Amino acid sequence: MGAIHTTGSGCIIKGSKILTNAHVVADNIAIQVQLAGDPKKYKAEAKYIDDIADIALLEVNSPEFIRKSQPLELGDIPNTLDEIQVYGFPVGGDEMSITKGVVSRFEFDYYSHSGVPLLLGQIDAAVNPGNSGGPVIKNGKRVGVIMQGNMKAQNTNFFIPTNVIKHFLKDIEDGSFDGIPDDLFLWQTTENPSLREYLNLNDSLTGGLVTKILPESPLNGILKINDIVLSVDHVDIDNDCKVVFRPGERTEANYILYEKYINDSLEYQVYRDGTIKNLKIKLTKKVGDGYIVPLYEYNKQPCYFIIGGLVFQPLTYNLNEVYKFGSNVKKYLDKESSKELKEIVILSQILESDLSEGYSTNGEIIISVNSITISSMESLIQAFENNKSMYHVIETDDGAKFILNRELVENNNQSILQKHGITSDRSENLKTKR
49 MGAIHTTGSG
59 CIIKGSKILT
69 NAHVVADNIA
79 IQVQLAGDPK
89 KYKAEAKYID
99 DIADIALLEV
109 NSPEFIRKSQ
119 PLELGDIPNT
129 LDEIQVYGFP
139 VGGDEMSITK
149 GVVSRFEFDY
159 YSHSGVPLLL
169 GQIDAAVNPG
179 NSGGPVIKNG
189 KRVGVIMQGN
199 MKAQNTNFFI
209 PTNVIKHFLK
219 DIEDGSFDGI
229 PDDLFLWQTT
239 ENPSLREYLN
249 LNDSLTGGLV
259 TKILPESPLN
269 GILKINDIVL
279 SVDHVDIDND
289 CKVVFRPGER
299 TEANYILYEK
309 YINDSLEYQV
319 YRDGTIKNLK
329 IKLTKKVGDG
339 YIVPLYEYNK
349 QPCYFIIGGL
359 VFQPLTYNLN
369 EVYKFGSNVK
379 KYLDKESSKE
389 LKEIVILSQI
399 LESDLSEGYS
409 TNGEIIISVN
419 SITISSMESL
429 IQAFENNKSM
439 YHVIETDDGA
449 KFILNRELVE
459 NNNQSILQKH
469 GITSDRSENL
479 KTKR
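Start counting the sequence shown at 49; every next residue gets the next number (the working numbering).
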């Protein structure tokens with residue numbers, strides 16, 4: 049099977065670097081770039097990638113490319129109803145396409161590449177596959193990067209706004225990418241009158257009710273359950289857990305948090321037991337930390353272990369996206385991390401063989417192997433390889449059992465792999481841990 053070729057757009061910024069979407073270069077083997085109006089293709093390298101914010105910075109090591117490059121200056125976040133232009137190379141043409149439209153609104157919503165909600169801008173300009181990564185321009189300055197469309201609504205497309213781009217560019221100034229910080233606690237709105245009465249909140253106190261603090265949170269031991277978060281960095285929180293983004297515009301309070309950087313400080317004002325307290329933390333965790341199942345991953349080979357035709361993998365959002373597991377798996381997707389449990393190990397599929405005859409899976413969660421509790425792929429492999437009994441006994445979270453004859457496994461595992469064109473019983477990352 050030949051390589052899959054994909055195309056996208058981008059814009060040149062200071063230093064002759066190219067800014068585009070992370071999803072444009074995800075899982076790439078090689079990248080080539082081409083200037084508008086120039087037939088020559090240049091080799092490029094993805095220098096920094098932020099999969100959460102769907103941004104990538106490419107570098108071209110060519111004096112000729114650098115000489116021909118014309119950087120586009122970064123502007124401020126546009127206002128609603130501002131006229132903009134979208135530049136790019138949609139599929140089906142080699143010439144640059146320019147479409148016009150207006151900014152419809154800004155909202156805090158999910159980025160499809162990462163599944164994480166961040167601020168994004170909505171426009172009504174025509175956008176097609178291939179436009180991804182192209183600049184949104186206002187008055188000759190780039191004010192965003194085209195990211196995704198909405199197939200269910202006409203003239204509804206989205207771009208990454210200036211503030212998210214600036215955050216990424218400032219993050220990498222020191223030569224490393226740290227990511228977007230997170231405070232790792234859950235809260236709920238305080239709009240309900242009975243709830244407010246129960247919490248003794250008068251009309252002058254607005255904010256969100258803390259319901260849970262994750263084990264990995266930097267707020268552990270500082271914030272408490274049932275605290276009312278009144279403000280973050282001196283910005284008042286409304287009863288629906290939103291803040292004023294700009295005059296006449298509101299968005300989720302996490303907007304303030306996500307403007308910060310790893311190791312920055314963040315101040316909270318909370319209402320606790322009838323008094324107002326001021327709290328301060330250092331943001332040491334990034335978005336995605338604190339949960340066992342990692343967010344969508346790219347540029348990474350799958351992790352697996354195969355024995356007797358049974359394929360075991362750590363549960364990831366990518367894996368769930370492919371296999372569409374049922375509710376028995378989905379309940380683990382937002383499970384918090386702990387010292388005892390490093391990974392959720394899943395029986396993802398079953399290869400045809402005499403040893404696996406009669407077995408099936410819809411994503412069984414593995415609890416134990418040979419009476420050993422499974423906390424990671426490494427513990428799973430050790431439980432198999434250290435077993436000297438006649439059978440391997442695999443148990444799932446719903447009580448199901450998968451039994452393999454150990455001697456038959458040892459004699460037939462290699463032939464099962466060969467039958468299915470698989471060269472190894474485990475992924476490369478697990479070979480060094482034998």
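We put the CB at the ideal spot given by N, CA and C, even for glycine. Model, not experiment: these values are computed from the prediction.
Tell me the DSSP secondary structure of residue i in three-state form.
i	result
methionine 195	strand
leucine 234	strand
glycine 256	strand
asparagine 459	helix
aspartate 219	helix
isoleucine 470	coil
threonine 54	coil
valine 81	strand
tyrosine 346	coil
isoleucine 100	coil
threonine 128	coil
tyrosine 407	coil
glutamate 112	helix
methionine 49	Here methionine 49 scores only 42 on pLDDT, less than 50, and its place in the model is too uncertain to base an answer on.
threonine 147	strand
phenylalanine 293	strand
asparagine 211	helix
valine 370	helix
glycine 447	coil
glutamine 170	strand
glycine 178	coil
glutamate 433	helix
isoleucine 464	helix
leucine 67	strand
leucine 428	helix
lysine 333	strand
lysine 387	coil
proline 266	coil
glutamate 107	strand
lysine 272	coil
glutamine 133	strand
serine 152	strand
lysine 189	strand
lysine 95	strand
asparagine 287	coil
leucine 249	coil
With DSSP as the reference, identify every bridge partner of residue i, one or two as the case may be.
i	result
asparagine 326	Gln317
isoleucine 394	Gln361 and Ile413
proline 165	Tyr158
asparagine 453	Tyr439
asparagine 205	Ile171 and Gly197
tyrosine 339	Glu384
proline 229	Lys334
Where do the N-terminal and C-terminal ends of the alpha helix (DSSP H) with residue i fall, by residue?
i	result
asparagine 477	476 to 479
glutamate 245	241 to 246
serine 375	375 to 378
asparagine 302	302 to 306
valine 139	Careful: valine 139 lies outside any alpha helix (DSSP H) and carries neither H nor E.
valine 73	70 to 73
Going by DSSP, what residue range makes up the beta strand (DSSP E) through residue i?
i	result
isoleucine 354	353 to 355
serine 279	276 to 280
valine 184	183 to 186
isoleucine 61	59 to 61
Rounded to the nearest angstrom, how far is the Cβ of residue i from that of residue j, given a contact under 8 Å?
i	j	result
lysine 308	threonine 299	Going by Cβ atoms, the distance from lysine 308 to threonine 299 rounds to 15 Å, so no, they are not a contact pair.
tyrosine 439	leucine 428	Their Cβ separation, rounded to whole angstroms, is 16 Å, which puts tyrosine 439 and leucine 428 out of contact at 8 Å.
isoleucine 194	valine 139	Contact doesn't hold; Cβ gap of about 14 Å is too wide.
leucine 314	aspartate 281	6 Å
leucine 327	isoleucine 270	5 Å
asparagine 11	tyrosine 344	Any answer about residue 11 is impossible in this case: the structure gives the chain only from 49 up to 482.
serine 162	aspartate 102	6 Å
isoleucine 23	valine 151	With the chain covering 49 to 482 only, the question about residue 23 has no answer from this structure.
TODO: Report yes or no: do the stretch 108 to 115 and the stretch 135 to 150 share at least 3 C-beta pairs separated by less than 8 Å?
DONE: no
Open item on the list: Counting beta carbon pairs with one atom in the stretch 395 to 402 and one in the stretch 442 to 462, are three or more of them shorter than 8 Å?
Closed with: yes
Open item on the list: Does the structure place the stretch 353 to 369 close enough to the stretch 314 to 323 that three or more beta carbon pairs sit under 8 Å?
Closed with: no
Task: contact_flag[the stretch 336 to 343, the stretch 385 to 392] where n(CB pairs < 8 Å) is 3 or more - done: These segments touch.
- [ ] Take every Cβ of the stretch 220 to 230, pair it with every Cβ of the stretch 201 to 210, and state whether three or more of those distances are shorter than 8 Å.
- [x] These segments do not touch.
Task: Given 8 Å, three or more beta-carbon pairs between the stretch 409 to 428 and the stretch 465 to 472 - done: no
- [ ] Tell me, please, whether the stretch 369 to 379 touches the stretch 429 to 437 by the rule of three or more beta-carbon pairs shorter than 8 Å.
- [x] no
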